[in-house]
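**Q** My structure is below; once you've seen it, I'll send some questions.
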Amino acid sequence: MAAENISFLHVSNVKSLPSPMFEIELKATFIIVESNGGVDAETFTEVGRIISHVIYEFPLEDLINDGNGAVLDMLNSMRVPVQTSTVEEIAASAARMAAAAKDGGSKVLRMRVGIEAVVHDVPDFGNNDTDDDDDDDDEEDEGTVRAEQATEKTGKSDGGSVRKGLSDMFGRGGDG
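Right, here's the structure in full:
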């Protein structure tokens, strides 16, 4: 089965924005693997993929002042396994773009991020709330999520994407 092309349209009403905004389009591909072999198994078999595609909007000042916190919250909300270096790389790129464009008069800055995360289990995309209270009314406004199974590798066309492959996720280095 061939992988499907995912396309969508996102329109921002820039005239109504009180202050400049920063949009991060995040495409997270969760590669689900099973270990082949014994205790020290070094090989893994891909058993499926889930693709989650979300656009997050931040006030420009939030990314300049606390980019790491904003990016960490974004990745955690999508259940992406978090590595400090990944958070710092995305936040630093966003902060550089935001600072450079701060005085340029742009109302919306956009950045695309692609992450491949190798996981053993399907992430729980259910309730974003980590505590047990029933106040879920704010959680629905973070963005729309589209997840689908794919059996073939999807191509990377975005040169600015952050990509973490199998060897990085399992701590074996590599050229990821």
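With full-length UniProt numbering applied, the sequence shown covers 1 to 176.
Backbone N, C-alpha and C fix where the C-beta goes; we use that ideal spot for every residue, glycine too.
Please read all numbers here as calculations on a predicted model, not as lab measurements.
(1) Helix, strand or coil for GLU61, going by three-state DSSP, please let me know.
(2) Given 8 Å as the limit, is there contact between the stretch 45-53 and the stretch 65-75, that is, 3 or more CB pairs closer than that?
(3) Assuming contact is defined by CB atoms lying nearer than 9 Å, are PHE44 and PHE22 in contact in what I supplied?
(4) Compare the beta carbon distance of ARG79 and GLU25 with 9 Å and say whether it is the shorter of the two.
(5) What do you reckon, are the CB atoms on ALA91 and VAL71 nearer than 9 Å?
(6) Could you pull out every unbroken beta strand (DSSP E) segment of at least 3 residues lying fully inside the stretch 50-126, listed in chain order?
(7) Suppose the cutoff is 6 Å on Cβ atoms and the five residues either side in sequence are ignored; what does the same chain contact list for LEU75 look like?
(8) Taking just the CA atoms, how far does SER85 sit from ALA99?
(9) Output yes or no for whether 9 Å exceeds the beta carbon distance between THR29 and GLY114.
(10) Taking all protein chains shown into account, decide if VAL87 is buried (16 or more other Cβ within 10 angstroms of its Cβ) or exposed.
(11) I believe GLU46 touches ILE31 by the beta-carbon criterion, under 8 Å. Please report the beta-carbon distance rounded to the nearest angstrom.
**A** Reading off the structure:
(1) The three-state secondary structure of GLU61, taken from DSSP, is helix.
(2) For the pair of segments examined, the stretch 45-53 was found not to touch the stretch 65-75: the number of CB pairs separated by less than 8 Å stays below three.
(3) No, the Cβ-Cβ distance between PHE44 and PHE22 is not below 9 Å.
(4) No. Outside cutoff.
(5) In this structure, ALA91 places its C-beta atom within 9 Å of the C-beta atom of VAL71.
(6) The DSSP assignment places 108-119 as complete runs of the beta strand (DSSP E) inside the stretch 50-126, in order along the chain (cut-off: 3 residues).
(7) Excluding positions up to five away in sequence, the list reads VAL82.
(8) Going from the Cα of ALA99 to the Cα of SER85 covers about 21 Å.
(9) Taking a C-beta distance under 9 Å as the contact criterion, THR29 and GLY114 qualify as a contact pair.
(10) When all chains shown are included, VAL87 counts as buried.
(11) About 6 Å separates the Cβ atoms of GLU46 and ILE31, confirming a contact at the 8 Å cut-off.
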